[in-house]
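In what follows, a single structure is set out as structure tokens and then discussed.
As structure tokens, this is what we get:
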């Protein structure tokens, strides 16, 4: 028996297998990562407490800090400031889940948009220059900080102070420039798309981008104020 409105009896129809919903997968993965995270935190806490309390493996923070050469602290500050500035300006980082930033973001968006709207290619290069300035900020602070490093006879309190100041100035500059590159890169990428749709939006978004680039200047100014009064290691 066949026909347009014919439906077979229910006992003749094979039951459909219900596919698991994405929510169930998500809940299982969330539970897995929560348990894994709790186990890792518990292991780290146990090792830390055991290291700090056992007499044979006691770890004293002050002794560890003073045991490192001030020259090493200063060199680490130089490396952190320049590497984070260049990393944020030009490429992307593996630490934050491969999130693109800086020239990588602006360049890829600009190249794709220029194919359809060629007029956006010239004036949106300003965003690339603002990202490049982030790396230049890191180089400038590196030159200033490296002038304070020199050979010294002993790890005097003054030399330790210089090394610690250079280290934290480098950390400040690196984080400030990295954050600046993230903001400028994302805003610059959006500026390309907005300019392709409505040319009158370019100047308005450029003002936002300029204010975002000021974050890098704040880091440079704070580092210069910290480093310039310091004498050279002796």
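Residue numbers (the UniProt record's numbering): 1 to 234.
By construction, the Cβ of each residue, glycine as well, lies at the ideal position given by its N, Cα and C atoms.
Treat the numbers as computed from the prediction; the structure is a model and nothing was measured.
Selected residue, minimal CA-CA separation from residue i, among the options
i	options	result
residue 139	68, 216, 124	216
residue 207	133, 184, 117	184
residue 157	221, 234, 200	234
residue 90	180, 220, 103	103
residue 180	84, 77, 35	84
residue 110	195, 201, 49	195
residue 119	178, 164, 199, 31	199
residue 76	204, 182, 164, 220	164
residue 221	197, 170, 203, 231	170
residue 182	30, 116, 231, 134	134
residue 235	229, 175, 209	The first residue shown for the chain is 1 and the last is 234, placing residue 235 beyond what the model contains.
residue 162	177, 230, 210	230
residue 65	160, 177, 201	160
Nearest-angstrom beta carbon gap, residue j and residue i [assumed within contact, 8 Å]
i	j	result
residue 227	residue 166	7 Å
residue 186	residue 105	6 Å
residue 212	residue 173	In fact, because the Cβ distance is near 17 Å, the residues do not count as touching under 8 Å.
Coil, strand or helix - residue i by DSSP
i	result
residue 230	coil
residue 122	coil
residue 199	coil
residue 13	In this prediction, residue 13 has a pLDDT of 49, which is less than 50 and means its spatial position is unreliable; what the coordinates show is noted afterwards. Of the three classes helix, strand and coil, the one that applies to residue 13 here is coil, per DSSP.
residue 152	coil
residue 96	Its pLDDT being 46, under 50, residue 96 is placed unreliably by the model, and the measurement read from it follows with that caveat. Coil, per DSSP.
residue 103	helix
residue 117	coil
residue 213	helix
residue 146	helix
residue 54	coil
residue 190	helix
residue 1	Any reading at residue 1 must be qualified, since the residue scores a pLDDT of 49, below 50, and its modelled position is unreliable; no value is offered.
residue 140	helix
residue 47	helix
residue 72	helix
> If we count Cβ pairs, one from each stretch, closer than 8 Å, do we get three or more for the region 189-199 versus the region 119-132?
Replying inline: yes
>> Could you check whether the region 70-77 touches the region 150-161, counting it as contact only if at least three pairs of C-beta atoms, one from each stretch, sit closer than 8 Å?
In response: yes
> Does the region 117-124 come close enough to the region 132-148 that 3 or more CB-CB pairs lie under 8 Å?
Replying inline: no
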